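In the numbering used here, the protein residues as written are 291 to 409.
Below is one structure, written out as structure tokens, with a few remarks after it.
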Amino acid sequence: MSEIIQVDGVDTHPDWSHVPEHARHVFICTGPRCTQRGAQQLWKTLRRHLLAHDRIETPDGVLLTRTHCQFPCNLGPVLTVYPERCWYGVHSHDDVQRLVEKHLLGGEVVADLLIKVRP
Ligand code: FES
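Rendered as structure tokens:
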């Protein structure tokens with residue numbers, strides 16, 4: 291049974307008082323245009339692959355955050371990876387699987403999925 295506490299008058303859980311463990315922080319856009327392009331389904335695929343490899347909120351894993359618009363909407367669904375500062379356009383479940391296996395597990399940037407960021 292979960293333990294509910296109050297912080298500043300708000301019902302909350304003790305686990306929500308620390309930064310989750312992670313090696314990379316991944317932000318997937320679920321803003322309106324990326325959502326129209328399938329971002330919600332791609333987020334589920336991403337989460338499922340990471341869970342299968344036990345890489346969600348682990349020391350060598352990923353902190354996965356859904357965001358609102360990250361702005362290059364026309365190139366989305368947009369997914370960014372830190373600390374590498376990689377901006378990706380992921381358009382299919384295969385793209386997500388490759389991104390997980392190559393970058394998030396293997397540490398190798400997936401060059402053909404990168405969005406060309408203007409200097
Ligand atoms: S809605 Fe995703 S980048 Fe704008």
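All residues carry an ideal CB built from backbone N, CA and C; glycine is no exception.
Bear in mind that the values here come from a model prediction, so they are computed numbers and not experimental data.
The continuous stretches of beta strand (DSSP E) do not include Asp385, which lies in the alpha helix (DSSP H) extending over residues 383 to 388. If you draw a 10 Å sphere on the C-beta of Trp306, you find fewer than 16 other C-beta atoms in it, and that means exposed.
Between the alpha carbons of Leu353 and Gln326 lies a gap of roughly 24 Å.
Around the CB of Tyr372, fewer than 16 other CB atoms lie within 10 Å, so the residue is classed as exposed. Going by C-alpha positions, Pro349 is about 12 Å away from His315.
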